[in-house]
Every structure is written in C-alpha cells, then in structure tokens.
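The block underneath contains the structure these notes are about, expressed in structure tokens.
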Amino acid sequence: MAVKVRQKRQKKKRDDILAEFVYNRGSVSEMKTEKTKETGEQKMKAYDYVVIGAGLYGAVFAREAVKKGKKVLVIDKRSNIAGNVYTEQVEGIHVHKYGAHIFHTNNKKVWDYVTSFAEFNRFTNSPVANYKGELYSLPFNMYTFNKMWGVVTPEEAAAKIEEQRQAAGITEPKNLEEQAISLVGTDIYEKLIKGYTQKQWGRPCTELPSFIIRRLPVRLTFDNNYFNALYQGIPNGGYTQMVANMLQGVEVRLGVNYLANKAELDALADRVIYTGPIDAYFDYSLGTLQYRSVRFETETLACPNYQGNAVINYTDAETPYTRIIEHKHFEFGSTEPGTKTVISREYSAEWKPGDEPYYPVNDAQNGALYEQYKALADAEGKVLFGGRLGEYKYYDMDRVIESALARVRAELAK
Ligand code: UDP
Numbered sequence: 000m001a002v003k004v005r006q007k008r009q010k011k012k013r014d015d016i017l018a019e020f021v022y023n024r025g026s027v028s029e030m031k032t033e034k035t036k037e038t039g040e041q042k043m044k045a046y047d048y049v050v051i052g053a054g055l056y057g058a059v060f061a062r063e064a065v066k067k068g069k070k071v072l073v074i075d076k077r078s079n080i081a082g083n084v085y086t087e088q089v090e091g092i093h094v095h096k097y098g099a100h101i102f103h104t105n106n107k108k109v110w111d112y113v114t115s116f117a118e119f120n121r122f123t124n125s126p127v128a129n130y131k132g133e134l135y136s137l138p139f140n141m142y143t144f145n146k147m148w149g150v151v152t153p154e155e156a157a158a159k160i161e162e163q164r165q166a167a168g169i170t171e172p173k174n175l176e177e178q179a180i181s182l183v184g185t186d187i188y189e190k191l192i193k194g195y196t197q198k199q200w201g202r203p204c205t206e207l208p209s210f211i212i213r214r215l216p217v218r219l220t221f222d223n224n225y226f227n228a229l230y231q232g233i234p235n236g237g238y239t240q241m242v243a244n245m246l247q248g249v250e251v252r253l254g255v256n257y258l259a260n261k262a263e264l265d266a267l268a269d270r271v272i273y274t275g276p277i278d279a280y281f282d283y284s285l286g287t288l289q290y291r292s293v294r295f296e297t298e299t300l301a302c303p304n305y306q307g308n309a310v311i312n313y314t315d316a317e318t319p320y321t322r323i324i325e326h327k328h329f330e331f332g333s334t335e336p337g338t339k340t341v342i343s344r345e346y347s348a349e350w351k352p353g354d355e356p357y358y359p360v361n362d363a364q365n366g367a368l369y370e371q372y373k374a375l376a377d378a379e380g381k382v383l384f385g386g387r388l389g390e391y392k393y394y395d396m397d398r399v400i401e402s403a404l405a406r407v408r409a410e411l412a413k
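Okay, so the sequence shown: first residue is 0 according to numbering that gives the first Met the number 0, each after it adds one.
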C-alpha cells in the first residue's frame, strides 16, 4: 500500500514537472525584462548560456552547466522538450513520436550517465525483415543465412557469401552496393538491402557511402541482436520523462524560435549553444545541405498485438513505407497486453524547407558543403554548434551524449 502511495506521489511529481515544461512558454521580450539587469555602468548578462534546442545534446549541456552553478536558459521552437526522442502516451503506450529510438552504447560512462536519469528496461532490438511476405531475421546472421540459402553451419554460410562476392568481382568496395555485396552476397543485397536503402535515402545504393551499411553487424552466429553494444534498453516511463529529469532545475522556454529572434536571444548570454541545422543558422547562404525527412502515419488499432515485434522492415522497393513500428513492444516486461495497440508506418522523403530534418546525407558533396559551413561556424565567436543537425552527423543517441559531455566539460574548464 505504502509503495503504491509513493508511486502515485512520484507520478504526480513527474506530471507536475512535465506540466511546467508544457506551460512555461514566453515571448522573447518578456524574457528580456525579466532577466536582463543593469548594474551601474555594466550591463550584466542574464545567463551564462542560452541553449537552442531541448533535445539530448541541449539537455545534457544544460544539466552539466547548471550543475556547475551556471545560469542557463534552454529554448525550443517546438511545444515539447526532448527533440526527436520525444515520446507521448497514447492508450497508455509510449509512442516514439519522431521515430523509434533504441538506446545502445559500448561506453559505460554514457550508460551510467543516462541511467542516472531513468531506469532502462532490457529491450533488445531484433527487427524482422519482410520481403514480399518472406520473413528474415536481422541483422544478418545465421538465421538469415539459413532462411535465404538453407545453410546450416557458419562455414557453409561463409562459403556462400564468398562465392557470391567472387561472382560479383568486387575487390575494393567503392559504394554502398559494393560494400553490401562484399559483406553478405548478392541475394541478401537484392532482397534485404537494395529496396530498403533506396527508399530510406531516395538514392541508388551505388551513390551512397558504404559506411551506412557498416552500421549493421554481420554475424556467423545465431544472434538477432541488431546492435553490437554492451548496453541497450529503453527508459521506463519514456524518453520525454528522461529528458525532463535532465532538465530539472533548468529554465526552459518552449515555442520560442531562435532564428527569428536571434539578436535578442544572443544578447541574453555570453555563450550560445546551437543544436539546430547548421545551414539554417547561416540562412542557407552557401546553399542547402541535404537531409532526409521522415513522415509517420500513426494509427491506434483495436487489437492487442498487430505484428508481434517492435520493428518490421519492408525491404522491397514497392511497399511505400520503410518500416512499421508497434510501439507497445518497446516496453519490454510490460505484462499487460491491453486491447489496443499503436503502430506507425514510416515513410522516408527528401527534406524540403518547412519539413523536420532527420538524417544528414553524409555523402561527398554534402560533406564538402558542410566543411564550408563549419568554417563559418568556427568563426562565430560566441556560438557553439552541436548535435546531429548542428554538426551534420549521423549520430546515434550515445554519440550525441558523449559529444555533449565532452563539449560542456571543455567549455566549463575554460
Ligand atoms: N538496412 C538495410 N535493410 C534493413 C535495415 C537496414 O539495408 O532491413 C541498411 C540500410 O542501408 C540503412 C542502414 O542499414 O540505411 C541503417 O538502417 P537502420 O534502419 O538501422 O537506420 P536507422 O534509421 O535506425 O538509423
């Protein structure tokens, strides 16, 4: 009974914190009058740091700076915190509003850091590939090879891959297609990689960098764990709650557009941490970097279990979406099957102004343009650029945290 009351109280406290974030909106002029103080001759800055973006990078930076006694204001143009890891409750299920996020890392320090803000479940990502109704295990492992070729031993699987690699005549892979074939052979490339990758990136695999496919493990073992990571899981209570915990005690203003109010906001602090798109910061003056955007079609269904797994990839070229996420399956260990489920079909599209940017397209052309923007960014004395959009990098969540921690520590050591 006492435990229940405590849990209820804790939940109320959590809800209060979230409510505060939701309602803590304000106009820029209001912030100025509240915060800018004149002391004699000298105009004192109201904050040490203004952080643009309440996603993981911004939240980690803010948390660490506040811990060291700095005055920090975090703003976000959205009406919610947590950036693209934002989760919201629908039918009691934490829905990953901006796409599935599965935390995984090999860095114990990062794991200890995130688990100090939330308890993590033991979800292990094991997506299934659906190729025209044929189901295959991912990542590419002995289950996949057995289903594809009927091979039973690792030796047989390795021999089959080698045979297909030799037939394709690839010695030094120059692009994603050649890299994929040399890793897993032509059959797997044709059925499980080609269609999915071309849908996800909107470009032929011959024009994509090979590092994208090297994100996926290839294993000669019966192991469906998608990630080669020592630590993996999803925060109980959702990512929004985890980020809210990071931002506890930090002043957050939502619904504030930095680029539209840049001069006033810059004047509030000595330093600005900018986590938005780097090209947008410079008003696209050198041209636009390319991003992929994602559109989600989310539906609540009156069925307890729609697809039996959190992630099913549709790897053929014809199905218009890349994958279907069934959010309840991320909540590992939840014993309540419920009568409803929430699914999201994920459609990939080229980013255009007004869309949400998700993935930087890290090919040679965009890399070169980014370097030019980076040179401009380095010359911006008081503004630091960070995160997936600020650094135009296909960062996973752990790398974002790693990079924010390194940056804030270097900054505070000055
Ligand atoms: N990939 C693939 N088939 C799959 C899953 C992934 O070919 O069924 C390749 C594809 O090239 C993709 C990359 O692996 O761009 C990374 O995919 P993932 O879905 O892991 O990326 P995420 O969107 O989760 O970052």
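Built from N, CA and C at the ideal position, the CB exists for glycine as well. A quick note: this is a predicted structure, and the numbers were derived from the prediction, not measured.
Consider the C-beta atom of T314 and the heavy atoms of ligand 1; say whether any pair is separated by less than 6 Å. Yes, the beta carbon of T314 sits closer than 6 Å to at least one heavy atom of ligand 1.
For R387, I'd like the list of residues in its chain whose CB is within less than 6 Å of its CB, leaving aside the five on either flank, ordered along the chain. Short of 6 Å from the beta carbon of R387, and not among the five residues preceding or following it, lie these beta carbons of its own chain, in chain order: Y394.
Does the beta-carbon of I342, which I'm using as the reference point, lie nearer than 6 Å to any heavy atom of ligand 1? Of the heavy atoms belonging to ligand 1, none sits nearer than 6 Å to the Cβ of I342.
Run through DSSP, which three-state label would D47 get? strand
How big is the Cα-Cα spacing for M241 and K351? 31 Å
Just how far apart, CA to CA, sit V59 and A405? 10 Å
May I have the straight-line CA-CA distance separating S402 from V251, to the nearest angstrom? 22 Å
So, for A167: in the same chain, excluding its five sequence neighbours on each side, which residues have a beta-carbon less than 7 Å away from its beta-carbon? I180 and T185
Classify N260 as helix, strand or coil using the three-state DSSP reduction. helix
Cβ-based neighbour list, A156, same chain, cut-off 7 Å, excluding 5 preceding and 5 following: M141, F144, V150 and L219
Within the present structure, is the beta-carbon of A348 separated from the nearest heavy atom of ligand 1 by less than 6 Å? no
Cα separation between L215 and L267? 44 Å
Roughly how many angstroms lie between the CA atoms of K96 and I272, to the nearest whole one? 25 Å
Straight-line Cα distance separating E176 from Y188: 8 Å
Measure the CB-CB distance between V71 and G57 and report whether it falls below 7 Å. No; because the gap between Cβ atoms is not below 7 Å, this pair is not in contact.
Segment contact flag, the segment 198 to 214 with the segment 118 to 125, C-beta cutoff 8 Å, min 3 pairs: No, because fewer than three Cβ pairs between the segment 198 to 214 and the segment 118 to 125 fall closer than 8 Å, the two stretches do not touch.
What do you reckon, is the C-beta of Y195 under 6 Å from a heavy atom of ligand 1? yes
T104, buried or exposed, once every other Cβ within 10 Å from all chains shown has been counted against 16: buried
Measuring only from the beta carbon, is Q165 closer than 6 Å to any heavy atom that is part of ligand 1? no
Taking Cβ to Cβ, would you say I400 is nearer than 7 Å to V109? yes
Would you kindly report the start and end of the unbroken beta strand (DSSP E) that includes G232? Y230 to G232
Kindly indicate which residue of N79, K381, L375 and G52 has the alpha-carbon position closest to the one of R270. K381
Euclidean distance between Cα positions of F286 and E349: Looking at the sequence itself, residue 286 is Gly, so the reference to Phe does not match. Cα-Cα distance, rounded: 16 Å.
Can you give the Cα-Cα distance for E162 and I169, rounded to whole angstroms? Approximately 11 Å between the Cα atoms of the pair.
Same chain, Cβ closer than 7 Å to Y290, five either side skipped, listed in chain order: W350, P356, Y357, Y358, P359 and V360
Please state whether DSSP places Q163 in a helix, a strand or coil. In the structure shown, Q163 sits in a helix (DSSP, three-state: H, G or I).
Cβ shell of L229 (< 7 Å), same chain only, five flanking positions each side left out: N105
Consult DSSP for H100 and reduce its assignment to one of helix, strand or coil. Correct three-state label for H100: coil.
Consider the C-beta atom of I192 and the heavy atoms of ligand 1; say whether any pair is separated by less than 6 Å. yes
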